[in-house]
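Shown next, in structure tokens, is the structure this report addresses.
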Amino acid sequence: MVVGWCAVVILIQPIVVTAENPFKSANMDRGSISLVFEKTKKPVYNDIRTVFKANGRFDEIIQSINKEFIFPNNITAKFADEDGPLYDPGKREVVMSYSFVFYLASLYMERYPKATDDEMINFSERATIFLFYHEIAH
0 MVVGWCAVVI
10 LIQPIVVTAE
20 NPFKSANMDR
30 GSISLVFEKT
40 KKPVYNDIRT
50 VFKANGRFDE
60 IIQSINKEFI
70 FPNNITAKFA
80 DEDGPLYDPG
90 KREVVMSYSF
100 VFYLASLYME
110 RYPKATDDEM
120 INFSERATIF
130 LFYHEIAH
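If you're matching positions, the sequence shown starts at 0 in numbering that gives the first Met the number 0 and goes up one per residue.
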């Protein structure tokens, strides 16, 4: 009979848990996500910026993520006139593109031409939230 040996090395680091979340270590959590809504140079995207900034949903999402998850570094999440959605690990930055949100809204209105503005905004926002979580997960 052949017996194989396996060595397991466990690195033990003292963990100080927080009262809010016993699974979140205070000494491991050195970062957080901050949210920026950059001004857009394209007037057609101003409504997107205004609606997303005013309703506060992305602020709520950021607060929730920062409360529940451990980040070794700060991350900036921004809505901007740049390519996206994407995560840039070199900059530690999530970019959500106004043009992509506009594209989502356009697709919805093309598919549902009788939809109201509120329905289109709701769809675009929910799809953007999904993509935002996806990018944060990188």
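Built from N, CA and C at the ideal position, the CB exists for glycine as well. Values in this document were obtained by computation on a predicted structure and should not be read as measured data.
Beta carbon of residue i nearer than 7 Å to that of residue j
{"i": "E134", "j": "P84", "result": "yes"}
{"i": "Y97", "j": "D117", "result": "no"}
{"i": "T75", "j": "E92", "result": "yes"}
{"i": "I32", "j": "I64", "result": "yes"}
{"i": "F78", "j": "F122", "result": "no"}
{"i": "L103", "j": "A126", "result": "yes"}
Opening and closing residue of the beta strand (DSSP E) in which residue i lies
{"i": "I74", "result": "74-79"}
{"i": "S33", "result": "32-36"}
{"i": "Y86", "result": "85-87"}
Host alpha helix (DSSP H) of residue i (start-end)
{"i": "Y132", "result": "116-136"}
{"i": "V138", "result": "The structure shown does not extend to residue 138, since the chain spans only 0 to 137, so no value can be given for it."}
{"i": "I47", "result": "45-54"}
Counterpart residues of residue i in DSSP-defined beta bridges
{"i": "E59", "result": "Bridge partners of E59: none, in fact."}
Residue of the options minimising C-alpha distance to residue i
{"i": "H137", "options": "E37, Y107, Y86", "result": "Y86"}
{"i": "F129", "options": "R110, V100, Y111", "result": "V100"}
{"i": "V94", "options": "L34, R29, K40", "result": "L34"}
{"i": "R29", "options": "P112, N73, R110, M108", "result": "N73"}
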